[in-house]
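Heads up: the sequence shown at position 345 corresponds to 345 in the UniProt record's numbering, and the numbers run straight through without jumps. As structure tokens, the structure follows; a few thoughts come after it.
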Amino acid sequence: MKRSAIGAVALLAALLFLAGLPGCREQREARVPTSVRDAKVKPPVEKPAPELLSTQAAFIEVSQKVTPSVVNISAERMRSAGELGPLFENFFGDLFGDLPQAQRKEHSLGSGFLISADGYILTNEHVVKGAEQIKVKLSDQRVYDGQVVGIDPRTDVAVLKIETREKLTAAVLGDSEALQVGQWALAIGNPFGLDRTLTVGVISATGRTEIGIEDYENFIQTDASINPGNSGGPLLNIYGEVVGINTAIVASGQGIGFAIPINMAKAIADQLIEKGEVTRGWLGVSIQPLNQELAESFGLDQVTGALVNQVLPDTPAERAGVRRGDILLGFNGRKIRGVRDLQQQVAGTPAGEQVSLEVLRDGKRLNLQVALAAQQAQEAALEAGAAPQGEVFGLSVAPAEGNEGVLVEAVDEASPAAAAGVQPGDLILSVNRREVKDLASFDRAVQEARDAKNVVLLVRRAETTLYLAFAAP
């Protein structure tokens with residue numbers, strides 16, 4: 001028995017020895033196929049298309065060149081939190097309501113990028129809003145305290161500063177006005193705390209407004225992945241130039257992200273660095289968008305520009321000769337696409353600057369020179385104007401006090417006037433630009449308007465005047 005056991009051990013040892021010999025090892029390895037890349041194993045695609053290789057090389061180069069200018073931002077805030085959980089609060093009600101509120105630290109992560117070698121950083125306002133302590137980490141892992149130079153909540157732009165004696169790598173800012181839909185777009189940021197992640201897509205759209213994110217919107221839309229933590233990071237073109245600040249995503253959509261154009265952000269940053277706040281230009285008009293009927297009634301072949309429904313007294317617009325009923329078509333040589341676009345252009349122009357306005361008045365195009373004033377909060381609301389809804393007619397009117405207009409007493413709910421939003425109490429000031437002073441002048445203006453293709457009413461509601469248009473019956 002012992003001899004058999006010893007023999008078995010000896011046989012096993014001999015087999016192990018033989019397995020270690022070169023010939024046996026080669027034989028065993030030959031029976032295990034591998035796909036390890038070496039001189040004998042070629043890739044499935046030996047020669048990728050040159051276009052793919054050059055694009056890949058471009059992405060790699062952009063990442064290598066720009067990443068040193070991208071920073072991670074950690075903001076710390078203090079938040080009040082009840083010492084009792086919601087279960088206790090629901091059960092005991094206000095019994096413990098007088099207990100002091102506990103304070104807890106809340107951390108958030110975001111991104112930013114250096115815009116100067118001496119440590120100025122551009123990011124989003126919401127990244128640093130309310131922060132009591134800000135830490136900025138560079139690509140080489142050095143960490144600095146960040147100080148807020150200035151913020152602009154109305155555009156979601158903020159400027160930070162870090163102090164260092166070393167010269168830092170600043171990003172190169174491009175021209176967002178030159179962007180075209182379909183261009184490559186690369187985003188670098190800190191999504192979910194994952195350091196300096198690169199994502200690639202295209203410019204999906206430019207000039208996006210009415211998103212409802214900020215007061216002043218002119219967003220670049222991209223399908224380059226933007227996730228929580230990307231906020232404040234750069235959106236780049238294929239040359240590695242910053243063309244936008246990654247800002248927001250559509251939570252319910254895939255591949256829909258928005259970035260603040262760098263031209264707009266730079267203008268804001270320059271003011272924040274220079275004086276710590278933003279001063280916007282102000283024109284002094286109440287404006288409203290055009291619909292098809294209004295555009296046709298004013299002789300426009302397309303719905304573009306902004307309609308002036310009120311010129312405020314003692315304002316830049318009044319001094320420049322702007323009148324109620326003017327269509328503003330151009331601002332300083334740039335076409336006005338609509339109300340939001342005009343607001344953006346005016347607000348982005350420094351107070352005191354002389355600008356030109358292209359105006360359509362009585363079928364003729366005029367150029368007016370206007371020196372913008374500084375905008376105040378209440379003036380910003382007036383500049384937005386009031387947006388009319390729909391069309392007009394189906395009214396009963398009565399004499400108004402004074403020698404101006406007629407008073408709308410009732411509106412037929414099934415009429416075009418109701419659909420237009422005309423309300424009892426509105427004061428009709430003109431019909432097809434024919435001034436209305438009383439019932440007689442109103443009747444004459446209505447009779448003349450029946451031969452027109454469209455009818456345009458100017459009405460006053462409270463402190464606002466606005467135009468309403470409809471197809472003539």
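Glycine residues also receive a C-beta, built at the ideal position from the N, C-alpha and C atoms.
For LEU366, the CB contacts under 7 Å within the same chain, skipping 5 residues up- and downstream, are VAL359 in chain order.
For the segment 219-272, the continuous beta strand (DSSP E) assignments of 3+ residues that do not extend past its boundaries occur at 219-222, 234-236, 242-249 and 257-261, in sequence order. In the displayed model, LEU194 falls within coil according to three-state DSSP, outside both helix and strand.
Look at PRO313 here: in three-state DSSP terms it is coil, with no helix or strand label. In the displayed model, PRO399 falls within a strand according to three-state DSSP.
Taking the C-beta atoms as reference points, ALA373 is found no nearer than 8 Å to PRO313.
The beta carbon of PHE192 lies closer than 7 Å to those of ASN227, PRO228 and GLY229 in the same chain, with the five residues before and after it left out. Between ALA75 and VAL157, the C-beta spacing is not below 8 Å.
Annotation: the continuous beta strand (DSSP E) that includes PHE331 extends over 327-331. One alpha carbon belongs to ALA117, the other to VAL242, and they sit about 16 Å apart.
In the three-state reduction of the DSSP assignment, LEU294 falls in the helix class. When Cβ pairs closer than 8 Å are counted between the two stretches, the segment 261-271 is seen not to touch the segment 285-304, the count staying below three. Beta-carbon to beta-carbon, ALA347 and GLY425 are separated by about 32 Å, too far to satisfy the 8 Å threshold. Rounded to the nearest whole angstrom, the CA to CA distance from MET264 to GLU463 is 32 Å.
The Cβ-Cβ distance between VAL66 and LEU328 does not fall below 8 Å. Per DSSP, SER54 is one residue of the alpha helix (DSSP H) stretching across 50-66. LYS105 sits in a strand when the DSSP states are folded into three classes. If you compare the alpha carbons of ARG461, ILE60, ARG460 and SER430 with that of VAL446, the shortest gap goes to SER430. Closest option to GLU401, judged by alpha-carbon separation, among ALA58, LYS437 and ARG433: LYS437. In the pairwise beta carbon analysis, the segment 286-294 is classified as touching the segment 332-341: at least three pairs are separated by under 8 Å.
By the Cβ criterion, the segment 145-156 is not in contact with the segment 174-182, since fewer than three pairs of Cβ atoms, one from each stretch, lie closer than 8 Å. For the 8 Å CB-CB criterion, ASN72 and LYS129 do not form a contact. Exposure of ILE60 is indicated by the presence of fewer than 16 other C-beta atoms within 10 angstroms of its C-beta. In this model, THR206 and LYS47 are separated by some 37 Å (Cα to Cα).
In the DSSP assignment, GLY201 is bridged to ALA185. GLY233 places its beta carbon 8 Å or farther from that of PRO261. The Cβ atoms of GLY201 and ALA185 lie closer than 8 Å to each other. Cβ neighbours of THR199 within its own chain (closer than 6 Å, five residues either side excluded): ALA187, ALA224 and SER225.
Across the set GLN369, PRO350, ASN309 and VAL408, the C-alpha of GLN369 shows the shortest separation from the C-alpha of GLY321. When the alpha-carbon of THR169 is set against those of LEU114, SER356 and LEU307, the nearest one is in LEU114.
Closest by C-alpha distance to GLU274, out of TYR120, SER63 and PRO43, is TYR120. With a contact defined as Cβ atoms closer than 8 Å, VAL149 and GLY276 qualify at about 7 Å.
Taking C-beta atoms under 8 Å as the contact rule, ALA398 and VAL406 qualify, at a distance of about 7 Å. By the CB criterion at 8 Å, ASN432 and VAL459 fall outside the cutoff.
In the three-state reduction of the DSSP assignment, LYS275 falls in the helix class, which pools H, G and I.
Comparing alpha carbon positions, the residue from ASP140, GLY112, HIS107 and GLU166 closest to GLN133 is HIS107.
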